[in-house]
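According to this note's numbering, the stretch in the sequence shown is residues 4 to 192, in order.
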Amino acid sequence: LTQIATEVRACTQCGLCKTRTQAVPGVGTARGGIVFVGEAPGADEDRLGEPFVGRAGQLLDKIIKAMDEAQLIPGLPLDRQSVYICNVLKCRPPENRNPLPHEIESCSPYLRRQLAAIHPRIICCLGKFAAELLVGVEGTIRDLRGKIYRYQGAKLIVTYHPAACLRNANYKRPVWEDMQLLAREYLSD
Ligand code: URA
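So this is what it looks like as structure tokens:
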């Protein structure tokens, strides 16, 4: 992971290297076997070099803390450091626009290598870009969530991006149901 992070910070594979302040490789550890994959850094992440540190990140922290407090996975304390958090794109798209197909194509090898290095038990895709990349099908979160997929031996689930929950509080309940699903699947076989 350290080696990949070093390469990410020096990456010039796409045009986003010209507009970024810094690249954002990821944060956390492989130990817990849980990975959250978001979309791309925003302004706060670009400034601080760490994923999910802005408003959406604070909500993700709250979700992880709630999982910990509910002891969804007994014996595994859950916080930012016991999971791994990263994004499909490692650099901020200008004005937080959606990732472009060629950017995803250039950047996704880093994510795939991170996942190969972590060898997680379960991956949680936050939002459409992570879901479509790692599940390999197009669809809405509504259609994709609630199911167990496989990615290179890991289980994989899909849920709404925390930024979507900030825009629409109706997504909060399904996200919590998805976290319960994540825990059940983490604990089974
Ligand atoms: N949104 C993301 O998808 N990733 C971040 O790191 C921050 C916000």
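Backbone N, C-alpha and C define an ideal beta-carbon position, used for all residues, glycine too.
With distances taken Cα to Cα, identify the nearest neighbour of residue i among the options.
i	options	result
V56	S191, I160, P165, A119	P165
A59	P44, H105, D71	P44
I7	C128, R170, Q117	Q117
M2	C128, H122, Y113, P28	Limits of the chain in this structure are 4 at one end and 192 at the other, which puts residue 2 out of reach.
G36	N171, A157, Y163, R176	A157
L184	V161, Y174, A167, N173	V161
A196	L81, L51, E141, P54	Since the displayed the chain opens at 4 and closes at 192, residue 196 lies outside it and no answer follows.
G52	T9, V38, Y154, V138	T9
P123	T15, A13, L190	L190
Y174	P77, G142, V38, R148	R148
R115	A13, L103, Y154	Y154
C14	N101, S111, P54, K65	S111
Should residue i and residue j be called a contact, given that it needs their Cβ atoms to be closer than 8 angstroms?
i	j	result
I67	V40	no
T24	D49	yes
E188	I151	yes
L62	L169	yes
G29	I88	yes
G31	Q84	yes
A134	I121	no
L79	A33	no
Near residue i, which residues of its chain fall below 8 angstroms by C-beta distance, leaving aside the five closest residues on each side in sequence?
i	result
I107	V91, L92, F132, L136
R276	Outside the modelled stretch of the chain, which goes from 4 to 192, sits residue 276, for which no answer is possible.
I76	M70, A186, Y189, L190
E141	E135
A119	Q155
Taking 6 angstroms as the limit between beta carbons, can you name the residues of its chain near residue i, skipping five residues before and five after?
i	result
N99	G45
C17	E106, S109
V138	Y152
Thinking residue i and residue j are a contact (beta carbons under 8 angstroms), I'd like their distance in whole angstroms, please.
i	j	result
V11	Y113	5 angstroms
A167	G130	7 angstroms
Please work out which residues of its chain come closer than 7 angstroms, Cβ to Cβ, to residue i, disregarding the five sequence neighbours upstream and downstream, and give them in chain order.
i	result
N171	none
D64	R83
P102	E42, A43, V91, L92, P96, F132
Hey, does residue i have any beta-carbon neighbour from chain B nearer than 8 angstroms?
i	result
D181	The chain labelled as chain B is not found in the depicted structure, where only one protein chain is given.
Under the criterion of a Cβ to heavy atom distance below 7 angstroms, does residue i qualify as lining the ligand NAD?
i	result
E53	As for the ligand NAD, it is missing from this structure, which binds only the ligand URA.
For the ligand URA, enumerate in chain order all residues having a CB closer than 7 angstroms to any of its heavy atoms.
V27, G41, E42, A43, P44, G45, E48, P54, F55, G57, A59, G60, N90, L129, G130, H164, A166
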